[in-house]
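In the UniProt record's numbering, the protein residues as written are 1 to 202.
Just so it is clear, CB atoms sit at the ideal spot from N, CA and C, and this is done for glycine as well.
Spelled out as structure tokens, the structure:
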């Protein structure tokens, strides 16, 4: 995999990406690419679909309010959207190849749309405004889920089978309504905890 590091280049528009890099990624030539556009000043990525050969994309630390455009990246496996101003990730449901999704430090109230991504292994949705537990039980490959620093409350143990997939190994719920969440998790019994390697609740 070839990598291009364009972090901290004061890029405001995708058109500012150097032409030689643009041409190489657009052409592909059978190569997969990792593109780092973190810590720039991007507000929109509507035209990012021209980089269809990118499989790892870092857009963290920009000024994005929407993920529109990402749905055109049919080879994308890893996406970092941390530290933006995004309020919805619904369009990510149109990128079924995604394995890693990082959306920490945004303005999200829900990540339920991620349940439509069958290849997901890692989700980091910490430091958002999520009030409703996401229903991710159908994600049979999901191993790590970080929901720390949100606004999650307790849930009834009877719905636990809709929340946590069988292969989940690490769950972080620190700095939510911790006592209530922890009570709900404990009431689910040892069957759930026997599958976890780590549960971070504080």
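C-beta contact flag for residue i and residue j at 7 Å
i, j, result
"residue 49", "residue 72", "yes"
"residue 78", "residue 100", "yes"
"residue 111", "residue 134", "yes"
Cβ neighbours of residue i in the same chain (closer than 8 Å, five flanking residues each side left out)
i, result
"residue 46", "68, 69"
"residue 167", "140, 141, 142, 143, 195"
"residue 108", "86, 87, 88, 89, 125, 128, 129, 130"
"residue 161", "137"
Collapsed DSSP secondary structure at residue i in the structure displayed
i, result
"residue 162", "helix"
"residue 101", "strand"
"residue 27", "helix"
Cβ shell of residue i (< 7 Å), same chain only, five flanking positions each side left out
i, result
"residue 194", "At residue 194 the pLDDT is 45, less than 50, meaning the model places this residue with poor confidence and gives no usable figure here."
Residue from the options with nearest C-alpha to residue i
i, options, result
"residue 127", "165, 137, 139, 172", "172"
"residue 85", "43, 118, 76", "43"
"residue 93", "105, 104, 74", "74"
"residue 138", "108, 116, 152", "116"
"residue 37", "95, 16, 7, 64", "7"
"residue 39", "60, 13, 76", "60"
Assumed close pair residue i, residue j - CB separation to whole angstroms, cut-off 8 Å
i, j, result
"residue 206", "residue 51", "One cannot answer for residue 206 here, as it falls past the ends of the chain, which runs 1 to 202."
"residue 41", "residue 11", "7 Å"
Close beta carbons around residue i, own chain, < 6 Å, minus the five adjacent residues each side
i, result
"residue 122", "100, 144"
"residue 58", "36, 38, 80"
"residue 31", "2"
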